[in-house]
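Each residue of the sequence shown is one higher than the last, beginning at 669 in this note's numbering. We treat Cβ as the ideally placed atom computed from N, Cα and C, and that holds for glycine. The structure presented is a predicted model; accordingly, all values stated were derived computationally and were not measured.
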Amino acid sequence: MKYSKKIILISTLILMIFPLFLIPRTAVAQEWTYDGINTENIPEFSVYPSEWYHHNGTAKSGWIKGEILPGNYSRIEIIKGNITDTFGGSMPTTGTSVYVNYWVVNATSGEKSYAPHTGPNFQINWWNGSIGYAFRVPEIIPVAANGKVSEHILNNVTQMYNAMFGTYECNYEHNATYYNKYSFHFWNSSYNNGYFIANFTDDGILKRLEHTSMNFPMPNITLISEPAQLSPDFDFTTEYDTLTVNSTEFKLNITITDADNNNDEEIDTDYLYRIQNGTIWTDWATPPDLLDWDLGDVETGNYTITMEVKNMYGVTQKEVTIEYVPPKKEGPDIIPVIIAVIITCIAVAAVAIALILRRRIRGEKAVTKEIVEREIPPEKLEEPEEPEEPEKPEEPEKPEEPEESEKIEDET
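Now the structure itself:
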């Protein structure tokens, strides 16, 4: 009976694989590796180079296909993806593959070693949507163009497991695929109550694998952690944390929230930013500690600044509204004005005092004159006549000089 089942399984596999040889082989040398902020996900998978995925593995007592040491867990480090026509040998056509470092890690000491039968840049799967799916490690399966596991993909994965069960004499009577839960289920109803359950995230990462077979070469697997794959979370404001400025030139402070979006146990540092200047975006650049910004020649009012920050998972856009209030124009110096006012007041007071004193003096003189006139008769108050000057004696007249003609006659 077992021999007949093996023949049926082999025949089924031949029928599944034979069409592969009818497709022309055209290998394409194309790879996807870590490239900082420009890193892309591996096509037809949701994973990115540099990401880490952690799973816990356990086994029931009596499991004969290996031993899971207590306190250990697995770590899958995504190294690269490529288009290839090989998977454990030559394939009849090209497909997309994911390559990883598959570690077994001691949870206490942190020591790690390659999982059995793996090594650096280990090819864990191969996928061609027109042909089928093959894998060595079950934790990552393909996704459709929308980034989700499709019914077509889940059917291919289910068929691959079904083919493997015959190889390891894990024969199940029933199976079902639950597309809305990204899950499939194999089980027996007439004997041993055996079962096999696998459940994936919507983006193709194994969440739970549980089975009762003693000779199937996989432990029970549970997802511990996976990358968040989030675009940056950031805020920005002015240097002094105020949205009101008195100058068109000021500094912006950009704060990016610390995150480990690829789950590699290090804080992300690969970010670029750009800012909208009117209707034009600046070039992408590394975010500075403080960014010099100029609103330009503008009037009093509110002005919106839009900024974008991106990492390899996406772009986040935020905006703030800055209120520009020009400083008040400076008036004249108040101290000289006060001094001038005081001097003016003093001068006015001095003039007023002088006028008052002058009037008082005139009044006193008038009073004095009136008193004097009352006490002394008027005739005595008349001023004495000045004595006449004595007449000077007349000088004798000088004889008249003879005229010039007379002098001439006398001389003759």
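Non-local beta-carbon contacts of residue 765 in its own chain, meaning distances under 7 Å to residues more than five positions away in sequence, involve 749, 750, 752, 755, 791, 793, 794 in chain order. Each of 711, 718, 857 was checked against the Cα of residue 704, and the nearest Cα belongs to 718. Here the alpha carbon of residue 714 sits roughly 10 Å from the alpha carbon of residue 817. In terms of CA proximity to residue 847, 868 leads the group 890, 806, 868. For residue 975, DSSP records a beta bridge to 943, 986.
By the neighbour-count criterion, in which a residue is buried when 16 or more other Cβ atoms sit within 10 angstroms of its Cβ, residue 789 is exposed.
Of 876, 900, 829, the smallest CA-CA separation from residue 930 is found for 900.
Cα atoms of residue 700 and residue 918: separation of roughly 42 Å, rounded to the nearest angstrom.
Three or more beta-carbon pairs drawn from the segment 813 to 833 and the segment 870 to 882 are found closer than 8 Å, and the two stretches are therefore classed as touching. Residue 749 is bridged by DSSP to 700, 766. DSSP places residue 797 in the coil class of the three-state scheme, outside both helix and strand. CA-CA distance, residue 1008 to residue 1019, rounds to 16 Å. Residue pairing of residue 948 in beta bridges, as defined by DSSP: 945. Taking the CA atoms as reference points, residue 833 sits about 37 Å from residue 981.
Residue 743 counts as buried, since no fewer than 16 other beta carbons sit within 10 angstroms of its beta carbon. For residue 978, same chain residues with a beta-carbon under 8 Å away, outside a window of 5 residues either side, are 705, 899, 900, 939, 940, 941, 952, 984 in chain order.
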